[in-house]
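In UniProt numbering, the protein residues as written are 1 to 308.
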């Protein structure tokens, strides 16, 4: 899975949990293994566990491979998130809610800044041509939250954030609203982490390691995340996720927001409607060219699109 937060340049970090992370709680339930290549969190009836990154990041692309609690994980929550400090903190979250054996995990995503209470969903897309935050799992985009400050939507871009992960018991709400409790005979519950990578601007002593005037990198990466946007294929995959797996979208929850939906919701739907109209116009153009027999201007891809 990955988080992409738009910025101007990057510094690339190698992956070693000893160098990159501190275990913050759990009384020995969190362990770094295999010479720093693997980190595990454990949960039993007494306590869960957690860790945090040594560095703070202002912008970047952050990747981590997670192996969630297997089997009967009901009542457990594995959280993987970025957060700043203080009472007015910013936060970007993945929360994996455990379930009974054979039932799928539920994934919550949340992005909040210091002026909002946080909005939880899975997922919503706001594909605009500005920097923003992209949530993806196994290379599949599941949510995109674009920077729309120009029209009054707050965006978490001013406070550096550490990366955190915690495994804890939340059986009062996590599984089916709380009636399914944690089966402690299955403990300890284990979540595993490997292959952490942060192409990111490190925040230290009040300033960023990145310079807008002189982008730098310590690797041969192409820095492609800086201009990463969803192409038509990725937009189709995101729509497929929405159609097949999304079970809650706060932008349709009028009971939660009786005074009106948050402003980013209206922006998202306007953008999506605009994209749909553009695609319909393009489709009509392809059909006209195909029907007129102008084969020189009709590609194989266009013909396939029309036929489907």
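Glycine residues also receive a C-beta, built at the ideal position from the N, C-alpha and C atoms. All values reported here derive from a predicted model rather than from experimental measurement.
Minimum length 3: unbroken beta strand (DSSP E) runs contained in the region 159-202: Secondary structure in the region 159-202: the beta strand (DSSP E) runs of 3 residues or longer, each lying completely within the stretch, are 162-169 in chain order.
Same chain, Cβ closer than 7 Å to residue 166, five either side skipped, listed in chain order: Listed in chain order, the non-local C-beta contacts of residue 166 below 7 Å within the same chain comprise 48, 50, 79, local neighbours out to five positions each way being set aside.
Distance between residue 192 and residue 55 (C-alpha atoms, nearest Å): Take the alpha-carbon of residue 55 and the one of residue 192: they are about 21 Å apart.
Sufficient close CB pairs (3 or more, under 8 Å) joining the region 68-75 to the region 194-205: These segments do not touch.
Straight-line Cα distance separating residue 287 from residue 101: In a straight line, the C-alpha of residue 101 is about 49 Å away from that of residue 287.
Euclidean distance between Cα positions of residue 179 and residue 99: Whole-angstrom Cα-Cα distance: 12 Å.
Separation of residue 86 from residue 32, as counted between CA atoms: Taking the straight line from one Cα to the other gives about 28 Å.
Member of 90, 37, 170 whose CA lies at the smallest distance from the CA of residue 96: Distance check between residue 96 and each of 90, 37, 170 places 170 closest, using alpha-carbon atoms only.
8 Å Cβ cutoff met for residue 84 and residue 141: No. Outside cutoff.
Assigned secondary structure, residue 69 (DSSP; H/G/I helix, E/B strand, else coil): Shown here, residue 69 sits in coil according to DSSP, grouped into three states, outside any helix or strand.
Status (buried if at least 16 other CB within 10 Å, exposed otherwise) for residue 240: Under the 10 Å beta carbon count, residue 240 is surrounded by fewer than 16 other beta carbons and is classified as exposed.
Same chain, Cβ closer than 8 Å to residue 19, neighbours up to 5 away in sequence not counted: Excluding positions up to five away in sequence, the list reads 36, 54.
Closest by C-alpha distance to residue 159, when choosing among 103, 237, 92: Nearest option by C-alpha distance: 92.
Buried or exposed (CB count within 10 angstroms, at least 16 for buried), residue 247: By the beta-carbon neighbour count (other beta carbons within 10 angstroms, threshold 16), residue 247 is exposed.
Cα-Cα separation between residue 66 and residue 22, rounded to whole angstroms: If I take the Cα positions, the gap works out to 17 Å.
Neighbourhood of residue 17 by C-beta, 6 Å cutoff - its chain only, sequence neighbours within 5 removed: Excluding positions up to five away in sequence, the list reads 32, 36, 39.
Unbroken stretches of the beta strand (DSSP E), 3 residues or longer, contained in the region 38-68: Listed in chain order, they are 38-43, 49-53, 56-67.
Cβ neighbours of residue 42 in the same chain (closer than 6 Å, five flanking residues each side left out): Spatial neighbours of residue 42 in its own chain (CB-CB distance under 6 Å, excluding positions within 5 residues in sequence) are listed in chain order as 29, 49, 188, 190.
Spatially closest choice to residue 208 from 57, 52, 110, 195, by CA coordinates: Relative to the Cα of residue 208, the nearest Cα in the group 57, 52, 110, 195 belongs to 57.
Three-state class that DSSP yields for residue 208 in the structure shown: In this structure, residue 208 counts as strand in the three-state DSSP scheme.
Simplified DSSP assignment, three categories, for residue 257: Note: residue 257 maps to coil in three-state DSSP.
Backbone secondary structure at residue 17 - three-state DSSP: Reduced to three states, the DSSP call for residue 17 is helix.
Minimum C-alpha distance to residue 185 - residue among 245, 265, 46: Taking each of 245, 265, 46 in turn and checking the Cα distance to residue 185, the smallest one comes out for 46.
Proximal residues to residue 106 (C-beta, below 6 Å), its chain only, five neighbours per side dropped: Residues of the same chain with a CB within less than 6 Å of the CB of residue 106, apart from the 5 flanking positions on each side, are 97 in chain order.
Residue 82 (DSSP reduced to helix, strand or coil): In the structure shown, residue 82 sits in a strand (DSSP, three-state: E or B).
Alpha helix (DSSP H) segment containing residue 100, residue limits: Secondary structure note for residue 100: it is in no alpha helix (DSSP H), with a DSSP letter that is neither H nor E.
Contact set for residue 175: own chain, Cβ-Cβ below 7 Å, skip 5 residues either direction: Excluding residues within five positions, the ones whose Cβ falls inside 7 Å are 74, 75, 97, 98, 99.
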